[in-house]
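Residue numbers (the working numbering): 32 to 269.
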Ligand code: SAH
């Protein structure tokens with residue numbers, strides 16, 4: 032009897048340790064729930080799509096190894112090449128302001144780690160993202176592949192020109208530009224929104240919401256002062 036039960040016990044132990052390890056591999060769910068409650072919801076972000084997307088994406092997988100323990104902290108973190116992944120609250124605020132509906136086509140300028148694009152990909156299945164630093168573009172692309180973010184189209188290039196040949200319902204720029212690049216306004220569909228930090232590194236930057244109405248008229252609304260890394264490339268010469 033004991034001999035027959037023994038293999039069964041071993042089998043149960045193996046299966047349960049496997050299940051336990053899987054749980055251990057994603058032990059960040061508690062941290063994500065807490066981050067969303069204390070840093071985002073309690074500060075007034077109420078869009079349920081944004082809150083659940085922020086609960087889904089593992090920010091720890093988008094930061095360098097040495098910063099993993101700080102992945103859910105209330106702050107931006109370095110991602111190499113002098114760039115940063117934004118504070119979770121800023122990601123949530125920009126995503127809420129972009130007012131994305133499922134199925135809408137969204138362009139992000141400044142892929143960085145790929146975190147913001149991953150958050151967007153939980154709200155709509157059409158996400159495009161452009162990064163000017165080749166190494167960052169390639170590593171974000173590898174991350175999208177590894178973690179199954181198959182609905183994100185990415186490329187290495189200067190986002191000043193947008194994604195030629197496409198048009199978008201929303202454009203989110205995650206680096207601060209001195210002005211809103213005209214090609215982005217051109218690529219915006221009627222009814223579309225752009226969220227962009229405007230200002231140089233020496234000035235106060237403002238997060239601006241640009242809206243193109245159904246007739247194509249463009250208006251802009253300053254939201255809050257922010258601090259972003261600078262937009263580089265063609266914008267620097269204009
Ligand atoms: N959204 C990112 C954080 C971006 S930091 C994330 O979730 O991790 C800003 C990024 O914008 C940097 O990676 C920087 O290289 C990129 N960037 C700056 N100017 C750019 C340009 N002209 N076109 C595309 N990317 C640009």
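We put the beta carbon where it would ideally sit given N, CA and C, even for glycine.
Same chain, Cβ closer than 7 Å to residue i, five either side skipped, listed in chain order
i           : result
residue 208 : 227, 229, 262 and 266
residue 80  : 154
Contacting residues, own chain, Cβ-Cβ under 8 Å from residue i (five flanking each side not counted)
i           : result
residue 115 : 107, 108, 109, 143 and 260
residue 221 : 243, 244, 245, 246 and 247
residue 185 : 142, 145, 148, 159, 160, 161, 162, 168, 171, 172 and 175
residue 131 : 80, 137, 151, 154, 155, 200 and 201
Cβ-based neighbour list, residue i, same chain, cut-off 6 Å, excluding 5 preceding and 5 following
i           : result
residue 99  : 91
residue 214 : 192 and 193
residue 231 : 209
Rounded C-alpha distance that separates residue i from residue j
i           : j           : result
residue 189 : residue 103 : 30 Å
residue 66  : residue 127 : 16 Å
residue 119 : residue 194 : 26 Å
residue 192 : residue 216 : 10 Å
residue 71  : residue 197 : 32 Å
residue 206 : residue 140 : 8 Å
residue 136 : residue 150 : 14 Å
residue 252 : residue 179 : 36 Å
residue 254 : residue 88  : 25 Å
residue 60  : residue 183 : 23 Å
Contact with chain D by residue i, beta-carbon distance below 8 Å
i           : result
residue 190 : Protein chain content of the structure displayed is limited to a single chain, and chain D is not contained in it.
Whole-Å CB distance - residue i paired with residue j, under 8 Å assumed
i           : j           : result
residue 257 : residue 236 : 5 Å
residue 124 : residue 76  : 6 Å
Length-filtered (3 minimum) beta strand (DSSP E) runs lying within the stretch 188 to 254: Qualifying beta strand (DSSP E) stretches, in chain order: 199 to 204, 219 to 229 and 236 to 243.
Can you list, in chain order, the stretches of the alpha helix (DSSP H) that have 4 or more residues and sit fully within the stretch 79 to 163? Within the stretch 79 to 163, the complete alpha helix (DSSP H) segments of 4 residues or longer fall at 79 to 87, 119 to 129 and 146 to 152, listed in chain order.
If we require 3 or more residues per run, which beta strand (DSSP E) segments fall completely within the stretch 161 to 187? Every beta strand (DSSP E) stretch that sits fully inside the stretch 161 to 187 and reaches 3 residues is listed by chain position as 183 to 187.
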